Amino acid sequence: MLKSVLQISKSIPGWRGVQLVELSRCAMSSQPNPAAGVTSFKTLAVSVPHPFVYHVELNRPDRLNAMNNTMWLEIGECFSQLSEDKDCRVVVLSGAGKLFCAGIDLQDMTLLGAKLADEEDVARRCKILGATIRAYQSSLTALEKCNKPVIGAVHGACIGGGINLISVTDIRYCTSDAWFQVKEVELGMTADVGVLQRLPRLLGSASLVNELCLTARKFPAAEAGATGFVSKVFDDKSKMMAEALAVAGSIAEKSPVAVQGTKRNLIYSRDHTVQEGLDHVADWNQIMLQSEDFINASVALATKSPPPIFSKL
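So the number in this note's numbering is just where the residue sits in the sequence shown, counting from 1, plus 1.
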């Protein structure tokens with residue numbers, strides 16, 4: 002395998018004689034087709050602003066991107082597709098219109114209530130509710146299971162279902178006017194699609210998490226930045242999106258083998274002991290270090306050559 006990747010000049014000893022060859026075999030397409038291979042959605046807008054960078058927008062601006070049943074299910078379908086799309090290496094998630102997300106669509110909840118009212122038996126009502134909750138949970142978990150990193154970009158309000166959604170992203174940015182709210186207790190319910198499970202791992206302060214979830218108070222951008230819930234706060238949406246797409250572009254230039262492996266191992270280590278995480282990454286790399294990506298990147302670094310162009314994965 003090494004002979005197909007490296008050619009060592011006999012006249013010049015050492016790594017300085019190394020040349021990368023057969024790069025045409027590793028070349029990426031100059032520009033992937035816009036959202037190629039991705040279904041057209043009713044509540045999401047999917048575009049490809051840069052090669053291998055996909056942009057997914059919550060697209061119900063007339064309803065402040067409130068999450069109806071269709072949006073819940075389309076989120077899961079979209080990210081499941083992107084996970085397997087070879088033209089996608091990283092995803093930026095944002096909201097169209099005035100704000101990121103106003104939370105669950107209460108009109109949709111009314112329809113669910115009417116459906117439950119048609120069932121007199123408690124067991125049958127429970128089955129409908131349980132199936133709905135688990136379907137919504139699975140849709141958000143699809144971002145976590147997605148092989149590609151997801152960058153969340155929030156402007157304006159991010160309420161209820163919105164903060165459940167953004168908590169699943171790998172990198173989070175927001176604008177200075179953004180605010181977050183775990184609103185479910187104000188609706189007389191317990192949050193049930195992931196924020197109670199994920200927020201404690203993201204903030205690190207049990208006291209703060211308990212306060213936010215038990216009081217439903219607003220969590221402003223400055224506090225989100227200070228506590229590490231978001232890594233950067235921007236003056237406005239245009240600056241935030243420019244940075245999100247720039248970071249996404251930087252990730253897209255890296256080896257997809259390395260990027261996807263890093264995401265998978267970060268998530269695994271979060272949910273396991275240090276030793277289990279070490280064992281898992283050892284098993285992972287005993288395979289992945291044999292990839293042409295590692296060979297090409299190592300040679301480029303050693304020879305101070307331009308970074309290689311990586312093939313699709």
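Glycine is no exception: its CB is placed at the ideal position from the N, C-alpha and C atoms.
For clarity, every value in this text was computed on a predicted model and none was experimentally measured.
Do residue i and residue j have their CB atoms nearer than 9 angstroms?
i           : j           : result
residue 96  : residue 155 : yes
residue 104 : residue 68  : yes
residue 48  : residue 143 : no
residue 77  : residue 141 : yes
residue 213 : residue 200 : yes
residue 94  : residue 59  : yes
residue 145 : residue 183 : no
residue 51  : residue 259 : no
residue 70  : residue 112 : yes
residue 265 : residue 285 : yes
residue 158 : residue 101 : yes
residue 1   : residue 43  : For residue 1 there is no data in the structure shown, the boundaries of the chain being 2 and 314.
residue 147 : residue 239 : no
residue 177 : residue 122 : no
residue 171 : residue 137 : no
residue 245 : residue 152 : yes
residue 256 : residue 220 : no
residue 174 : residue 232 : yes
residue 163 : residue 181 : yes
residue 196 : residue 165 : yes
residue 230 : residue 267 : no
Helix, strand or coil for residue i per DSSP?
i           : result
residue 295 : helix
residue 290 : coil
residue 89  : coil
residue 141 : helix
residue 100 : coil
residue 61  : coil
residue 214 : helix
residue 301 : helix
residue 68  : strand
residue 80  : helix
Considering residue i, what are the terminal residues of the alpha helix (DSSP H) in which it resides?
i           : result
residue 205 : That residue, residue 205, is in no alpha helix (DSSP H); it is neither H nor E in DSSP.
residue 238 : 238-253
residue 122 : No alpha helix (DSSP H) contains residue 122, which DSSP labels as neither H nor E.
residue 266 : 257-271
What does a CB cutoff of less than 6 angstroms around residue i pick up in its chain, not counting 5 residues either side in sequence?
i           : result
residue 313 : 87
residue 292 : 258
residue 241 : 154, 174, 176, 235
Going by DSSP, which residues form a beta bridge with residue i?
i           : result
residue 51  : 54
residue 180 : 158, 221
residue 230 : None; residue 230 has no bridge partner.
residue 152 : 93, 172
residue 46  : 58
residue 105 : 68
How far does the beta strand (DSSP E) with residue i in it extend, from its first residue to its last?
i           : result
residue 314 : Counting along the chain, residue 314 falls outside any beta strand (DSSP E), and DSSP gives it neither H nor E.
In chain order, what residues of the same chain lie with their CB nearer than 7 angstroms to the CB of residue i, ignoring the 5 residues before and after it?
i           : result
residue 269 : 278, 281
residue 46  : 58, 60, 97
residue 185 : 161, 191, 192
residue 294 : 256, 258, 259, 311
Whose C-beta lies closer than 8 angstroms to the C-beta of residue i among residues of the same chain, with five residues either side of it excluded?
i           : result
residue 301 : 21, 307, 308, 309
residue 206 : 228
residue 34  : Reliability fails at residue 34, whose pLDDT of 47 lies under 50, so the model's placement of it is uncertain and the value that follows must be treated cautiously. Here the set comprises 49, 88.
residue 120 : 126, 129
residue 117 : 126, 129, 130
Can you tell me whether residue i sits near the ligand ZN, meaning its C-beta is under 8 angstroms from at least one heavy atom of the ligand?
i          : result
residue 49 : Among the components of this structure there are no ligands whatsoever, and the ligand ZN is therefore not found.
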